[in-house]
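Protein chains in written order, with our numbering: chain A, 7 to 442; chain B, 7 to 442. We treat Cβ as the ideally placed atom computed from N, Cα and C, and that holds for glycine.
Number of protein chains: 2
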Amino acid sequence: MNIILLSGGSGKRLWPLSNDIRSKQFIKLFRDEQGNYESMVQRVYRQITSVDKEATITIATSKSQASAIKNQLGDKVSICVEPCRRDTFPAILLSAAYLHDEAGVDEDECVVVCPVDPYVDDEYYESVEKLEGLVAKNTANLTLMGVEPSYPSEKYGYIIPKGNGDVSEVLEFKEKPDTETAKKYLEQKALWNAGVFAFRLGFLLEKAHSMVEFEDYRDLYAKYENLQKISFDYAVVEKEPSIQVMRYSGAWKDVGTWNMMAEVMADDIKGNVIKDDTCENTQIINELNLPIICMGCKDMVIAASTDGILVTDKERSGYMKPYVEKISNDAMYVEKSWGTYTVIDVQTNSMTVKITMSAGQEMSYHSHDYRDEVWTIVSGQGKAIVDGMEQVVRTGDVLTIAAGCRHTIKAETNLDIIEVQLGESISVEDKHKFDM
Amino acid sequence: MNIILLSGGSGKRLWPLSNDIRSKQFIKLFRDEQGNYESMVQRVYRQITSVDKEATITIATSKSQASAIKNQLGDKVSICVEPCRRDTFPAILLSAAYLHDEAGVDEDECVVVCPVDPYVDDEYYESVEKLEGLVAKNTANLTLMGVEPSYPSEKYGYIIPKGNGDVSEVLEFKEKPDTETAKKYLEQKALWNAGVFAFRLGFLLEKAHSMVEFEDYRDLYAKYENLQKISFDYAVVEKEPSIQVMRYSGAWKDVGTWNMMAEVMADDIKGNVIKDDTCENTQIINELNLPIICMGCKDMVIAASTDGILVTDKERSGYMKPYVEKISNDAMYVEKSWGTYTVIDVQTNSMTVKITMSAGQEMSYHSHDYRDEVWTIVSGQGKAIVDGMEQVVRTGDVLTIAAGCRHTIKAETNLDIIEVQLGESISVEDKHKFDM
């Protein structure tokens with residue numbers, strides 16, 4: 007199976023655990039078969055490979071998510087990084103070109119596009135695998151998987167099939183309806199459009215060449231910024247006459263709000279939490295190093311991270327957006343390709359950061375124009391390079407790095423550093439990278 | 007007026023804002039006449055001195071609270087530090103001896119003892135002042151102020167007066183009753199025993215000499231550890247035949263739980279808090295540097311500090327004790343005589359602390375056996391002494407202080423330091439003090 011996973015949506019709907027940099031698919035609230043915490047992207051990877059060990063997985067994503075994916079999945083997947091955000095048609099096209107021109111996938115092979123974020127059972131990916139067989143039959147240019155609705159939702163687009171069978175031609179697509187209209191669709195055996203599309207790679211590339219002028223993956227990448235922002239649904243699906251849909255009747259959940267996430271997360275509490283006996287139907291997630299005590303909480307979600315603390319009635323959790331938007335956008339916890347970065351103190355002209363790296367991880371060689379840094383190694387051993395001079399550093403060592411000075415560190419063991427940044431304009435933008 | 011304020015109770019009933027070191031009387035949730043935040047101890051000081059500018063105030067307290075009092079009130083009050091905790095009779099006796107032998111108060115002067123923690127109006131201290139006149143009349147050895155009950159409480163002791171007048175002889179004292187019994191007391195015009203006692207200093211010292219063998223304040227201080235733990239009520243008040251009580255009918259509130267504190271605190275929210283329109287009857291106090299968003303909270307108190315986060319239904323807030331006791335006792339925020347100390351990160355063999363000092367403040371000259379420290383000056387200027395060597399330090403300077411090394415710093419301007427402690431057994435006990 008060739009799967010393109012769309013990993014988008016740097017949303018804040020699961021604030022304070024999701025933010026502009028850390029999307030909800032990277033929050034570890036699920037558990038794998040060994041009982042270890044895993045994120046949605048890790049869960050999806052595990053589910054796909056349990057159905058098809060040989061699956062080739064390409065994740066289409068933004069630059070800001072690439073580090074987190076690399077940190078969570080290592081080199082087990084290919085990452086197709088969009089130079090900038092341009093909606094799903096350009097993203098899928100870029101990945102398709104990548105598969106053809108860089109990964110050598112044949113035009114006759116089937117490719118399935120799936121979003122990374124619904125919460126599903128393994129059965130879902132067994133159905134996804136069946137799409138490959140349907141594409142091979144070549145009875146339609148596009149094959150979709152539609153989800154059998156569990157209620158007349160206003161939140162999803164609908165696919166109206168011609169027949170009631172497991173696989174059917176598509177009669178038409180409908181935008182998000184009101185509840186009354188949705189009820190009528192349900193009587194017509196309509197399906198939710200869950201964003202799962204399967205096609206022969208060659209079909210999509212031909213289609214794309216008729217719409218966008220480009221030569222190959224690298225050319226498309228260079229032109230990416232100039233592409234029109236348009237969804238795959240509008241650009242391709244709704245215009246395609248030869249199209250069929252397969253019913254999926256298993257479990258499928260959109261975990262876009264805390265209310266929904268609370269239903270599917272592995273444990274009612276995570277982290278340092280004490281809950282008294284009078285709490286009811288309440289989930290508490292604590293990523294901070296402080297204890298949380300909850301007493302008498304009913305139907306609530308409480309979530310705490312270095313970005314902030316949310317205390318909400320479940321019903322209200324879907325209305326969080328305007329309040330989160332009032333808050334500063336600076337992410338206080340960031341998963342980098344070389345480890346994690348947690349802001350532990352902010353003052354007018356200084357910021358203190360905790361850095362953790364795993365053995366083998368290495369930062370880029372870089373400098374800052376407007377800040378000095380003081381690094382104290384609090385555990386582990388590494389090799390630091392400061393203005394070309396290499397030195398081994400161990401627990402207790404202190405590095406003073408003046409503005410303009412080029413520096414990096416490679417973790418030889420797991421490595422923890424406390425970094426004090428000093429300057430009048432401390433910003434994540436203040437960074438130059440260099441080759442070593 | 008000579009007032010002895012009893013500042014005890016290092017309780018956790020207002021956790022996470024109060025802890026073993028920071029008592030509830032130091033939490034700044036009230037506002038003074040200029041609108042600045044003030045603590046209970048600051049409020050009481052302001053109220054007493056607005057009634058009597060010349061009042062001599064002595065605070066009887068433990069060693070652990072002395073720093074916070076000094077930090078909040080400076081040299082405006084005398085602090086009579088108990089060498090160890092021995093209940094209210096020894097504490098009052100030590101302060102009385104201090105007034106006589108150290109402060110030179112005459113035996114014929116009146117002394118009034120008040121607890122520091124009830125929430126009252128200025129009117130309360132106007133009544134306290136009247137006690138002085140009653141003591142001067144010399145119609146009784148002890149004069150109490152009793153609070154007119156607002157309901158038949160089970161939480162307080164009762165004073166049964168002989169008559170109904172403003173001042174009356176005391177018939178008897180009653181222990182905390184059940185509600186039914188309390189109702190009968192109310193019919194007898196009984197008063198709550200609020201722990202306010204007035205007497206001629208000479209009376210108390212004579213009484214004390216008949217019960218405890220001591221020469222003067224210093225001798226009593228030296229013997230303090232051997233004194234019996236006993237309350238002033240048991241040791242003196244309930245045995246005294248010549249005793250009268252004055253009625254106080256004004257406002258008086260015990261702020262021993264979050265439910266009660268929520269009623270009297272100056273603002274419904276304090277700190278970085280966003281509350282949506284669907285929150286009702288909810289108070290939120292945030293001492294952290296993170297935002298808190300609250301949505302749909304009803305009848306709750308939410309309080310966050312570096313010690314932890316409390317999310318509680320108001321009714322439940324009185325039942326917090328067993329849950330707080332499960333939590334580590336290490337205070338993460340401490341008010342020292344030389345400034346404040348906030349733990350911002352804890353790892354296995356390191357701890358990172360933010361230190362703030364005001365201009366002029368100075369630490370003791372000290373060393374640690376089992377930890378190294380790295381100090382980064384993040385703002386301000388000070389004079390550091392490390393193993394006898396004096397140096398001026400400024401923003402950006404780094405001091406590396408090895409275990410065993412003697413050190414101190416004096417703030418020449420307001421001074422902020424990030425201190426990284428490194429060692430396998432980091433503890434507040436690991437400290438030796440030296441003369442300079």
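Pair within 7 Å by beta-carbon distance, residue i and residue j
{"i": "residue 220(A)", "j": "residue 226(A)", "result": "yes"}
{"i": "residue 135(A)", "j": "residue 7(A)", "result": "yes"}
{"i": "residue 531(B)", "j": "residue 417(B)", "result": "Examination of residue 531(B) is not possible in this model, given that chain B is present from 7 through 442 alone."}
{"i": "residue 44(A)", "j": "residue 36(A)", "result": "yes"}
{"i": "residue 294(A)", "j": "residue 356(A)", "result": "no"}
{"i": "residue 256(A)", "j": "residue 130(A)", "result": "yes"}
{"i": "residue 337(B)", "j": "residue 248(B)", "result": "no"}
{"i": "residue 197(A)", "j": "residue 153(A)", "result": "yes"}
{"i": "residue 424(B)", "j": "residue 426(A)", "result": "yes"}
{"i": "residue 323(A)", "j": "residue 264(A)", "result": "yes"}
{"i": "residue 341(A)", "j": "residue 170(A)", "result": "no"}
{"i": "residue 122(A)", "j": "residue 237(A)", "result": "no"}
{"i": "residue 175(B)", "j": "residue 71(B)", "result": "no"}
{"i": "residue 172(B)", "j": "residue 49(B)", "result": "no"}
{"i": "residue 137(B)", "j": "residue 204(B)", "result": "yes"}
{"i": "residue 406(B)", "j": "residue 385(B)", "result": "no"}
{"i": "residue 349(A)", "j": "residue 125(A)", "result": "no"}
{"i": "residue 404(B)", "j": "residue 419(B)", "result": "no"}
Classification of residue i by the beta-carbon crowding that lies within 10 angstroms, buried from 16 upward
{"i": "residue 434(A)", "result": "exposed"}
{"i": "residue 326(A)", "result": "buried"}
{"i": "residue 379(A)", "result": "buried"}
{"i": "residue 354(B)", "result": "exposed"}
{"i": "residue 398(A)", "result": "exposed"}
{"i": "residue 328(B)", "result": "exposed"}
{"i": "residue 34(A)", "result": "buried"}
{"i": "residue 442(A)", "result": "exposed"}
{"i": "residue 224(A)", "result": "exposed"}
{"i": "residue 222(B)", "result": "exposed"}
{"i": "residue 42(A)", "result": "exposed"}
{"i": "residue 216(B)", "result": "exposed"}
{"i": "residue 530(A)", "result": "Not covered by the structure: residue 530(A). The range shown for chain A is 7 to 442."}
{"i": "residue 30(A)", "result": "buried"}
{"i": "residue 444(A)", "result": "In the structure as shown, chain A starts at 7 and stops at 442, and residue 444(A) therefore has no counterpart that could be examined."}
{"i": "residue 292(B)", "result": "buried"}
Own chain residues within Cβ distance below 8 Å of residue i, not counting five before or after
{"i": "residue 102(A)", "result": "10, 117, 207, 210, 211 and 214"}
{"i": "residue 375(B)", "result": "409, 410, 436 and 438"}
{"i": "residue 288(B)", "result": "274, 281, 300, 303, 304, 305, 306, 307 and 308"}
{"i": "residue 87(B)", "result": "67, 68, 69 and 72"}
{"i": "residue 51(A)", "result": "63, 79, 82 and 83"}
{"i": "residue 244(B)", "result": "179"}
Same chain, Cβ closer than 6 Å to residue i, five either side skipped, listed in chain order
{"i": "residue 351(B)", "result": "358"}
{"i": "residue 140(A)", "result": "149"}
{"i": "residue 202(A)", "result": "120 and 151"}
{"i": "residue 241(B)", "result": "95"}
{"i": "residue 317(B)", "result": "308"}
{"i": "residue 440(B)", "result": "371 and 412"}
Same chain, Cβ closer than 7 Å to residue i, neighbours up to 5 away in sequence not counted
{"i": "residue 128(A)", "result": "53, 56 and 57"}
{"i": "residue 345(A)", "result": "361, 362, 363, 364 and 367"}
{"i": "residue 231(A)", "result": "89 and 90"}
{"i": "residue 107(B)", "result": "222 and 223"}
Chain D residues whose Cβ lies nearer than 8 Å to that of residue i
{"i": "residue 333(A)", "result": "The displayed structure is made up of protein chains A and B, and chain D is not among them."}
Problem set entry | Completely contained beta strand (DSSP E) runs for the stretch 167–210 of chain A, where each covers 3 or more residues | If only uninterrupted beta strand (DSSP E) runs of at least 3 residues are considered, those enclosed by the stretch 167–210 of chain A are 173–180 and 197–206.
Exercise. At what residue ranges does the stretch 241–322 of chain B contain a whole run of the alpha helix (DSSP H), taking only runs of 4 or more?
Worked result: 264–270
Exercise. Is the stretch 16–35 of chain B close to the stretch 313–323 of chain B, with three or more CB pairs under 8 Å?
Worked result: yes
Problem set entry | Stretch-stretch touch, CB-based, cutoff 8 Å, three pairs: the stretch 403–422 of chain B with the stretch 370–381 of chain B | yes
For this session: Check whether the stretch 74–92 of chain B touches the stretch 160–169 of chain B, counting contact only when three or more Cβ pairs, one atom from each stretch, lie closer than 8 Å.
Result: no
For this session: Say whether the stretch 141–161 of chain B touches the stretch 181–195 of chain B, bearing in mind that this needs 3 or more beta-carbon pairs closer than 8 Å, one atom from each stretch.
Result: Touching, yes.
For this session: Identify every run of the beta strand (DSSP E) within the stretch 26–51 of chain B, keeping only runs that are complete inside it and at least 3 residues long; order them along the chain.
Result: 34–37 and 43–45
Exercise. Going along the chain, which unbroken runs of the beta strand (DSSP E) with 3 or more residues stay wholly within the stretch 310–397 of chain A?
Worked result: 314–319, 339–342, 345–353, 356–363, 371–373, 378–385 and 387–392
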